[in-house]
Amino acid sequence: MLLLYKELREEKSKKWNRVLPFNELLVDRWEKAKYLKAKTGTSIYDNSYVYGDVSIGKSTWIGPYTILDGSGAKLSIGDFCSISAGVQIYTHNTVNWALTGGQSKYESNRVKIGSCCYIGPNSIVSMGSSIGSHSIIGAQSMINGKVPSNSVVFGTPGKIVGNVKIVNKHFVIQYFDKPKNLKRF
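Structural data, given as structure tokens:
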């Protein structure tokens, strides 16, 4: 077993210039994405949890330790997205169920993430939220509403702090003087 580990570690290190946990050496991220019916070029780390009705576009990167929970409703992620390490996306919550001692049902609502989005590490996207294309979500943000396309959102709760513009194949951020609240669903 140790010999296998060392061989796999050396192979991945040469190919990708990184050292990964043992389980990540055994699993091909692109094969996992293909198994989950994601589009071409998408990769999903082995230690990512994917539940329920989840669709993922092409050339999207799903980082390590993520949760994509489509168990309550449809969760869709567009093309060319980067879902950073530790991101959690939920289509349901159990708040009412827990607070009423099980007398209320779980709540659920779909989540839609457009194409060409970046979601920073350890961010949470709650049920019913949507993120428009070409948007940036800052690290450790809580999204609980509608993010328009070309937005920059930071914070908990998330607030729109700027716009994204694509100029000559590069992005430019125009920051606002005053943050804007997200519209609730």
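Residues are numbered in the working numbering as their position in the sequence shown, beginning at 1, plus a constant of 1304.
Virtual Cβ for every residue (Gly too), placed ideally from N, Cα, C.
Candidates the options: closest to residue i by CA position
i	options	result
Phe-1326	Trp-1401, Gly-1459, Gln-1392 and Asn-1351	Asn-1351
Gly-1462	Ile-1470, Ser-1434, Val-1331 and Thr-1364	Ser-1434
Ser-1380	Lys-1487, Ala-1402 and Tyr-1355	Tyr-1355
Asn-1397	Asn-1413, Pro-1368 and Lys-1318	Asn-1413
Met-1297	Ile-1417, Pro-1425, Gln-1444 and Tyr-1422	Because the chain is modelled from 1305 through 1489, residue 1297 falls outside the range shown and cannot be assessed.
Ile-1371	Asn-1400, Lys-1482 and Val-1429	Val-1429
Lys-1484	Ala-1377, Asn-1467, Asp-1373 and Ala-1402	Asn-1467
Lys-1387	Gly-1449, Pro-1452 and Tyr-1422	First, the amino acid is wrong: residue 1387 is Ile here, not Lys. Ranking the options by Cα distance to Ile-1387, first place goes to Tyr-1422.
Lys-1469	Tyr-1479, Asn-1454, Ala-1389 and Val-1391	Asn-1454
Leu-1486	Lys-1378, Gly-1436, Ser-1408 and Asp-1332	Gly-1436
Ser-1419	Gln-1407, Leu-1403, Val-1451 and Tyr-1353	Val-1451
Val-1476	Leu-1306, Thr-1404, His-1438 and Gly-1449	His-1438
Leu-1378	Phe-1480, Asp-1481 and Val-1415	Here residue 1378 turns out to be Lys, not Leu, going by the sequence shown. Of Phe-1480, Asp-1481 and Val-1415, the residue nearest in Cα terms is Val-1415.
Asp-1481	His-1474, Arg-1488, Leu-1307 and Val-1465	Val-1465
Gly-1449	Lys-1473, Arg-1488, Ser-1408 and Val-1391	Arg-1488
Alpha helix (DSSP H) segment containing residue i, residue limits
i	result
Ala-1342	No alpha helix (DSSP H) contains Ala-1342, which DSSP labels as neither H nor E.
Lys-1318	1306–1320
Ala-1402	1399–1403
Asn-1454	Careful: Asn-1454 lies outside any alpha helix (DSSP H) and carries neither H nor E.
Asn-1327	1326–1330
Assumed close pair residue i, residue j - CB separation to whole angstroms, cut-off 8 Å
i	j	result
Ile-1441	Ser-1427	5 Å
Tyr-1394	Trp-1401	At roughly 14 Å, the Cβ-Cβ gap does not stay under 8 Å, so Tyr-1394 and Trp-1401 are not in contact.
Arg-1313	Leu-1329	6 Å
Pro-1368	Ala-1389	5 Å
Gly-1374	Val-1358	4 Å
Sequence-distant residues of its chain with Cβ nearer than 6 Å to residue i (five each side left out)
i	result
Lys-1343	Gly-1361 and Lys-1362
Residue range of the beta strand (DSSP E) that includes residue i
i	result
Gly-1466	1463–1471
Pro-1483	1474–1485
Val-1415	1415–1417
Gln-1392	1392–1394
Residues of its chain near residue i, where Cβ-Cβ distance is below 7 Å and the 5 sequence neighbours each way are ignored
i	result
Ser-1445	Gly-1424, Ser-1427, Val-1457, Phe-1458, Gly-1459, Thr-1460 and Gly-1462
Arg-1322	Lys-1316
Ala-1443	Gly-1424, Pro-1425, Asn-1426 and Ser-1427
Trp-1334	Ser-1347
Neighbourhood of residue i by C-beta, 8 Å cutoff - its chain only, sequence neighbours within 5 removed
i	result
Trp-1365	Thr-1346, Ser-1347, Cys-1385, Ser-1386 and Ile-1387
Leu-1340	Ile-1348, Val-1354, Val-1358 and Ile-1360
Glu-1311	none
inquiry  = As an exercise, report each continuous alpha helix (DSSP H) stretch of at least 4 residues that is fully enclosed by the segment 1358–1388, in chain order.
reply    = Runs found: none.
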